[in-house]
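Working notes for the structure below.
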Amino acid sequence: MTSEITLFVNPTAGRGRGAHAAQPAARALRDAGFSVRTVLGADAEDALRRAREAVAAGTGALVAVGGDGMVSLALRAVAGTPTPLGVVAVGTGNDFARSLRLPVRDPAAAGRLAADLLKGGGGRDIDLGRVGDRWFGTVLASGFDSRVNDRGNRMRLPVGRFKYDLAMIAELASFRPVPYRLTLDDRTERQVEATLVAVGNGTSYGGGMRICAGARMDDGLFDVTVVGDCSRTTLIKVFPQVYRGTHLDHPEVTVHRVRTLTLDAPGVTGYADGEPLGPLPLTATCVPGALRVLAPADAPAH
């Protein structure tokens, strides 16, 4: 393994935390004896091209500095390769890092952990989800939650997470359950009226909302959370439970464990790791051991 490590940096993550976080992370890696090269890129596609070039050239690791969007981009460079992925989580949600119990908003600690694991030949293999040529590490969202994303992304003001709170209130006022057709493992077809369907490789989205609280990242299966035909009142009452994962006990919530799933519903966009995938129908496949990640082997995979 080469001693050169590539930092894959989003300078705008966390309202500018990405650029600042790169420095202590790089310092920790250099102090451990690694040489560090930084990849920025003029835009997402340029950054991805540069990251893929670094992986093809044999970099010792690709370390994503930013939030879940940056991790999502990094997966497109390292998934299915032996190059390990490190994460310096300084975004808004950081759900990928949370699922693996990695340091959050502590770039020096994240850099030290990555260096220790690289020196010890450590890390672990985890599953990833795949939709077409796109990979995801945490959750594929569809339904109410993806419509909140749609509306929030169209809003210019306010900035930050508050606009998604306003988008949620607006969606609650107009939302109706959606008729879904689900095909589980290419054989079982179910038609349900659902508020949302979330496909979890990891446990959470939205900065700690544990929508797929029982998901494991090393079992070769998705946890698919189906929230049924809920009234607005029920949805408002159940919503706080999502942060604890106790919503899974609600009678309107069903969980399926599958390797593949096709989601189909009219007028719904799928989002994975917070990034838009496109309109349904979409087919997601769990790919076992698709990623080597710099996370402790003894940390829970959920």
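With this note's numbering applied, the sequence shown covers 1450 to 1751.
Cβ atoms here follow ideal geometry from the backbone N, Cα and C, with glycine treated the same way.
Computed from a predicted structure; not experimentally measured.
| Item | Value |
| --- | --- |
| Through-space distance from Thr1632 to Gly1516, alpha-carbon basis | 31 angstroms |
| DSSP state of Ser1623 mapped onto helix, strand, coil | helix |
| Neighbour-count burial assignment, Ile1575, 16 or more Cβ in a 10 Å radius | buried |
| Leu1606 burial status per 10 Å Cβ neighbour count (16 or more: buried) | exposed |
| contact_flag[the stretch 1635-1642, the stretch 1572-1592] where n(CB pairs < 8 angstroms) is 3 or more | no |
| Residues bridged to Thr1682 [DSSP beta-bridge criterion] | DSSP lists no partner for Thr1682. |
| Other residues of its chain near Met1450: CB distance less than 7 angstroms, five sequence neighbours each side excluded | With a pLDDT of only 49 at Met1450, under the threshold of 50, the placement of this residue in the model should not be trusted; the figure read from the coordinates follows. Excluding residues within five positions, the ones whose Cβ falls inside 7 angstroms are Gly1509. |
| Close Cβ partners of Leu1729 (< 7 angstroms) along its chain, the five nearest in sequence each way excluded | Ser1591, Leu1712, Asp1713, Ala1714, Val1717 and Gly1719 |
| C-beta atoms of His1722 and Val1520 nearer than 8 angstroms | First, the residue type needs correcting, since residue 1722 is Asp and not His in the sequence shown. Cβ distance < 8 angstroms, so Asp1722 and Val1520 count as in contact. |
| Three-state secondary structure (DSSP) of Val1691 | helix |
| Bridge partners - Ala1721, DSSP secondary structure assignment | Leu1589 and Glu1724 |
| Local conformation of Val1676 per DSSP, three classes | strand |
| Three-state secondary structure (DSSP) of Gly1578 | strand |
| Beta-ladder partner(s) of Arg1573, from DSSP | Val1742 |
| DSSP state of Ser1764 mapped onto helix, strand, coil | Residue 1764 falls outside the range modelled here, since the chain spans only 1450 to 1751, and no answer is possible. |
| Buried or exposed (CB count within 10 angstroms, at least 16 for buried), Ile1618 | exposed |
| Limits of the unbroken beta strand (DSSP E) element including Glu1701 | Counting along the chain, Glu1701 falls outside any beta strand (DSSP E), and DSSP gives it neither H nor E. |
| Where the beta strand (DSSP E) containing Phe1483 begins and where it ends | First-last for Phe1483: undefined, no H or E at that position. |
| Same chain, Cβ closer than 8 angstroms to Glu1453, five either side skipped, listed in chain order | Phe1483, Ser1484, Val1485, Arg1486, Thr1508 and Gly1509 |
| Pro1626 burial status per 10 Å Cβ neighbour count (16 or more: buried) | buried |
| C-beta contact flag for Leu1551 and Ala1526 at 8 angstroms | no |
| Cβ contact (3+ pairs, closer than 8 angstroms) linking the stretch 1670-1680 and the stretch 1555-1563 | no |
| First and last residue of the uninterrupted alpha helix (DSSP H) at Arg1561 | Pro1556 to Lys1568 |
| CB contact flag (Gly1651, Val1704, <8 angstroms) | no |
| Burial state of Ser1623 (16 or more Cβ within 10 Å) | exposed |
| Asp1495, enclosing beta strand (DSSP E) - first and last residue | It is not in any beta strand (DSSP E) - Asp1495 instead sits in the alpha helix (DSSP H) that spans Ala1493 to Ala1505. |
| According to DSSP, residues forming a beta bridge with Ile1454 | Val1485 and Ala1510 |
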